[in-house]
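Comments concern the structure below.
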Amino acid sequence: MTPRDYLQLALFLGILAAVSPPLGRYIHHVLEGGRTWLHPLLGPVERLIYTAGGVDPDRDHPWQRYAACLLGFTLAGFCLTFGVLLFQDVLPLNPQHFPAPSWDLALNTAVSFVTNTNWQAYGGETAMSHLSQMVALTYQNFVSAAVGMAACMAVARGIARAEAQGIGNFWTDLVRATLYVLLPLCVPGALLLVGQGMVQTFAASFAAVTPEGAIQTIAVGPVASQVIIKMLGTNGGGFFNANAAHPFENPTAVADFIQMLAIFLLPGSLVFTLGAAVRRPRHAWTVWGVMAAVFLAGALLTAHFEYRGTPAMAQAVAATSGSPSASAPAPAAASVPAPIPAPVPNMEGKEVRFGVFASSLFATVTTDASCGAVNAMHDSLTPLGGLVTLLNMQLGEIIFGGVGSGLYGMVLFVILTVFLAGLMVGRTPDYLGKRIEGREVTLAVAALLLPALPLLGFTALAAVGWGPTALGNAGAHGFSELLYAYTSSAQNNGSAFAGLAANSPVFNLTTAAAMLIGRFGVMLPMLAVAGSLAARRPRPVTDASFPVEGATFALLLTSVILIVGALTYLPALSLGPIVEHLQMLEGRLY
Amino acid sequence: MLTLVRQSLVVTLLLAAVLCGAYPVLVTGAAQALLPHKANGSPVLVDGRVAGSELIGQNFTGAGYFHGRPSAAGDGGYDASASGGSNLGPTSRALADRMRTDVAALRAENPDWTAPLPADMVTASASGLDPHVSPQGVAMQVARVAAARGLPVNTVAALVDAHVEGPELGLLGEPRVNVLRLNLALDALAGGRAEGN
Chain A
1 MTPRDYLQLA
11 LFLGILAAVS
21 PPLGRYIHHV
31 LEGGRTWLHP
41 LLGPVERLIY
51 TAGGVDPDRD
61 HPWQRYAACL
71 LGFTLAGFCL
81 TFGVLLFQDV
91 LPLNPQHFPA
101 PSWDLALNTA
111 VSFVTNTNWQ
121 AYGGETAMSH
131 LSQMVALTYQ
141 NFVSAAVGMA
151 ACMAVARGIA
161 RAEAQGIGNF
171 WTDLVRATLY
181 VLLPLCVPGA
191 LLLVGQGMVQ
201 TFAASFAAVT
211 PEGAIQTIAV
221 GPVASQVIIK
231 MLGTNGGGFF
241 NANAAHPFEN
251 PTAVADFIQM
261 LAIFLLPGSL
271 VFTLGAAVRR
281 PRHAWTVWGV
291 MAAVFLAGAL
301 LTAHFEYRGT
311 PAMAQAVAAT
321 SGSPSASAPA
331 PAAASVPAPI
341 PAPVPNMEGK
351 EVRFGVFASS
361 LFATVTTDAS
371 CGAVNAMHDS
381 LTPLGGLVTL
391 LNMQLGEIIF
401 GGVGSGLYGM
411 VLFVILTVFL
421 AGLMVGRTPD
431 YLGKRIEGRE
441 VTLAVAALLL
451 PALPLLGFTA
461 LAAVGWGPTA
471 LGNAGAHGFS
481 ELLYAYTSSA
491 QNNGSAFAGL
501 AANSPVFNLT
511 TAAAMLIGRF
521 GVMLPMLAVA
531 GSLAARRPRP
541 VTDASFPVEG
551 ATFALLLTSV
561 ILIVGALTYL
571 PALSLGPIVE
581 HLQMLEGRLY
Chain B
1001 MLTLVRQSLV
1011 VTLLLAAVLC
1021 GAYPVLVTGA
1031 AQALLPHKAN
1041 GSPVLVDGRV
1051 AGSELIGQNF
1061 TGAGYFHGRP
1071 SAAGDGGYDA
1081 SASGGSNLGP
1091 TSRALADRMR
1101 TDVAALRAEN
1111 PDWTAPLPAD
1121 MVTASASGLD
1131 PHVSPQGVAM
1141 QVARVAAARG
1151 LPVNTVAALV
1161 DAHVEGPELG
1171 LLGEPRVNVL
1181 RLNLALDALA
1191 GGRAEGN
């Protein structure tokens, strides 16, 4: 890594640390019904939605009702997206005359965008009409993030409230998060990105006659308006197949930097929303610090391995002594007498304008947050660089994580940490004055284990069943492709080792099931936890209480996250990237 | 239950009207009014005709033009309506074979360059549409381009130097050269299109 790389990393974290606390407090303010300068403009829209929908904005709901509204709204959105996709061929705004996707692909895509995953078993510019991109997909980019924010706020209320029945009103949380948080960020954000060269037009493509006389058809579209929410909402679904590597979807290194900030912006801010709700900013900083530390470690490791590249690349580009060296490297590296060439950075699947570092940083950011946008092809990462991206997702998408889901996922680990610490010192655990009892721990462990079931189960079944024929790479890397697919879907990330041919009924249905379990298998238990914590009478926080801020707690929390993640997934990781790394060093090819 | 159905449907439709109607129309209108060139794909005009987009790489093959990186977009590479990378992993035999072929071709086309090849010239980009190569990737082609155009090497090298862009804001991204812009500048320099390619 170069000094410039470290500077870029420091700037990245510095900006986030400066912006997140005030934005987090702002989110708390508007979700609790506070007024802003936007209300004269958007207040009428908000009230219209309540009146037309028959919503009483002053009603406070218990967690069961809150969850029911959330699921009802999600189901309605699913039907809208599924319907638009299924009938894309007869609906308007389809300038390229794309046919409708198969029912299983439409189902998979609808589930994928509803669950904030944005797993894409299709190539955007070769499969989706403008209407599908704008209505089916961009709509979900907004509301799946708003739903996450709502659920997160409900969990924060559950912790903050005392002897209360309700955890808030889903409809007001949803509408306020959309109108006062997401929209005001997206409009200027999209224009900022257009200023960098991102396209924004209703045209489909234009033709160019190149200097060499070839005809090049260049696909364009309403990209910026979709990209900004894809990042802010940690959705990640690209307009183009190449996602954020496409020059129209990520034209410059500045646009790239803005997009990385956008990915972490809301998940990082929501930590301080919790801090504002429970009136404990130091607790928020501790949690934020844990997230930042794990993120930093991942970014440095990925960059390290990508800069080292692969031995095969180093051999291929080595200097010649005049005559072109056509001698093929023998399959067994041991028989090659040449000295080991200097490491060559791994540029396969990376763009020159970003280079190795910005690509490694993006890969870490997008897998820490459950975004899934990519500015480099993860399938072509070095084995250990790829391992970091896999592990980032497997830790539960809580290192900043998805919008809302990252924080309520982190609260799950906080509860677990408090519980384990309580066991160690033999004291009844409490979290910010609330006793943690058997019910909460049971629910937290259920939320912890549920995503692991489809993740490991489907990977194993696919490896011996439907997987091998779909692989884009053989050997251990092929197993990694399957592991990545089910990790990405079960953890609602959405990025892929894209060599996998994932558009088949069996992949579409199994990844859809994994996405649903990964989303609601965590969200619903955490809402239940919020419900039972809200009803509990708080105990005064005294010197004898277990502190949930400061270095000791940060260290404990980090250990719990890493140990749980490692225990659950290390065996699978050894079969994929770790074996592949050893094979690569031996010079084996598949 | 009925309340829930009504709430779900009405809120969904109204939010969709805002997010899928008002929002993209507002953003597109503003982008087209304020930044029409960029919003429409940064087209490059030569003699009033669109010669490409300055953001989208092209498949240059003639000896008198600088070449871009290997591309996996579409069947022939640089298909700007089918972006994508090779998705080949580090232990892929297909990748090793492709690199060997590309290295042999690069060495044969640029015999004057005996130093190690820049990594970006033997690796496929993520989008398949990378408009840039590294300064090294252009430097290794200077002798060939100069010879093919009958220009002094120094003239071409000076043109290349003028087209090297540094990291943005001195910090972000990497040094690079936009291949299309460089090639168009070459054409302008020679007073017309390269011949015999």
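These protein sequences, in sequence, are chains A and B.
Using our numbering, the letters of the first sequence map in sequence onto residues 1 to 590.
Using our numbering, the letters of the second sequence map in sequence onto residues 1001 to 1197.
No residue lacks a Cβ here, since even glycine has one placed at the ideal position from N, Cα and C.
Quick caveat, the model's predicted, so the values are computed rather than measured.
Between residue i and residue j, which are expected to be in contact by the criterion C-beta below 8 Å, what is the C-beta distance as a whole number of angstroms?
i, j, result
"A:Phe419", "A:Pro429", "5 Å"
"B:Ala1031", "B:Ala1039", "4 Å"
"B:Ser1068", "B:Asp1130", "First, the amino acid is wrong: residue 1068 of chain B is Gly here, not Ser. About 7 Å; that satisfies the 8 Å criterion."
"A:Val227", "A:Met198", "6 Å"
"A:Ala204", "A:Gln96", "5 Å"
"A:Tyr590", "B:Ser1092", "7 Å"
"A:Gly499", "B:Asn1087", "4 Å"
"A:Ser360", "A:Ala303", "4 Å"
"A:Pro267", "A:Ala150", "Between A:Ala150 and A:Pro267 the Cβ distance is about 14 Å, and since that is not below 8 Å, they are no contact."
"B:Val1133", "B:Asp1102", "Incorrect: roughly 13 Å between the Cβ atoms, too far for contact."
"A:Pro595", "A:Tyr486", "Since the first and last residues shown for chain A are 1 and 590, residue 595 of chain A lies out of range."
At a Cβ threshold of 8 Å, is residue i touching chain B?
i, result
"A:Leu573", "no"
"A:Lys350", "yes"
"A:Met313", "yes"
"A:Ala68", "yes"
"A:Leu589", "yes"
"A:Gln583", "yes"
"A:Pro324", "Any reading at A:Pro324 is ruled out, since the residue's pLDDT is 43, under 50, leaving its predicted position unreliable."
"A:Thr366", "no"
"A:Trp171", "yes"
"A:Leu232", "no"
"A:Ile517", "no"
"A:Ala319", "yes"
"A:Ala485", "no"
"A:Asn241", "yes"
"A:Met1", "no"
"A:Ala303", "no"
"A:Glu125", "yes"
"A:Ser205", "yes"
"A:Tyr122", "no"
"A:Met134", "yes"
"A:Phe362", "no"
"A:Ala7", "The sequence shown places Leu at residue 7 of chain A, not Ala. By this cut-off, A:Leu7 is an interface position."
Residue i CB to nearest chain A CB: under 8 Å?
i, result
"B:Gly1062", "yes"
"B:Gln1141", "no"
"B:Val1198", "The displayed coordinates of chain B run from 1001 to 1197. Any statement about residue 1198 of chain B would go beyond what the structure contains."
"B:Gln970", "Coverage of chain B is limited to positions 1001 through 1197, which leaves residue 970 of chain B absent and any answer about it impossible."
"B:Val1205", "What the structure shows of chain B is the stretch from 1001 to 1197, and residue 1205 of chain B is not part of that stretch, so it cannot be assessed."
"B:Leu1182", "no"
"B:His1132", "yes"
"B:Ala1031", "yes"
"B:Leu1151", "no"
"B:Val1145", "no"
"B:Asn1197", "Confidence in B:Asn1197 is poor, its pLDDT being 41 and thus under 50, which makes the residue's placement unreliable; the coordinate value appears in the next sentence. Closer than 8 Å to some Cβ of chain A, the Cβ of B:Asn1197 qualifies, so yes."
"B:Gly1166", "no"
DSSP has residue i in a bridge; who is on the other side?
i, result
"A:Tyr431", "A:Lys434"
"B:Glu1168", "B:Leu1172"
"B:His1132", "B:Asn1178"
May I ask you to list, following chain order, the residues of the segment 1107–1118 of chain B that have a beta carbon less than 7 Å from some beta carbon of chain A? Closer than 7 Å at the C-beta level to chain A, one finds these residues of the segment 1107–1118 of chain B: Arg1107, Ala1108, Thr1114, Ala1115, Pro1116, Leu1117.
In the segment 198–230 of chain A, which residue ranges form an unbroken beta strand (DSSP E) of at least 3 residues, counting only runs that do not cross its ends? The segment 198–230 of chain A contains these whole beta strand (DSSP E) runs: 205–209, 215–219.
Listed in chain order, which residues of the segment 209–224 of chain A have Cβ atoms closer than 8 Å to some Cβ of chain C? No chain C is part of this structure, whose protein chains are labelled A and B.
So within the segment 1025–1070 of chain B, which uninterrupted alpha helix (DSSP H) runs reach at least 4 residues, ignoring any that extend past its ends? Correct list: 1036–1039.
Near-chain B residues of the segment 376–397 of chain A - C-beta to any C-beta below 7 Å: Within the segment 376–397 of chain A, the qualifying residues are Ala376, Met377, Asp379, Ser380, Thr382, Pro383.
Return the chain-ordered ranges of every beta strand (DSSP E) run that is complete within the segment 134–209 of chain A and spans a minimum of 3 residues. Taking only runs of at least 3 residues, the beta strand (DSSP E) segments lying wholly in the segment 134–209 of chain A are 205–209.
Completely contained alpha helix (DSSP H) runs for the segment 377–453 of chain A, where each covers 4 or more residues: With a minimum length of 4 residues, the continuous alpha helix (DSSP H) runs that stay inside the segment 377–453 of chain A are 383–394, 405–425, 438–449.
Looking at chain B, which residues of the segment 457–475 of chain A have a Cβ within less than 9 Å of any of its Cβ atoms? Flagged, chain order: Gly472, Asn473, Ala474, Gly475.
Of all the alpha helix (DSSP H) runs that stay within the bounds of the segment 220–294 of chain A, which reach a length of 4 or more residues? Counting only runs of 4 or more, we get 224–232, 253–277.
Can you check the segment 69–124 of chain A for any alpha helix (DSSP H) of at least 4 residues that lies completely inside it and give the ranges in chain order? Counting only runs of 4 or more, we get 103–114.
Counting only Cβ-Cβ distances shorter than 8 Å, please list the residues of the segment 32–53 of chain A near chain B, keeping chain order. Cβ contacts with chain B come from Val45, Leu48, Ile49, Ala52, Gly53.
Going residue by residue through the segment 485–556 of chain A, where are the continuous alpha helix (DSSP H) segments of at least 4 residues, counting only ones entirely within it? Entirely contained in the segment 485–556 of chain A, the alpha helix (DSSP H) runs reaching 4 residues are, in chain order, 505–535.
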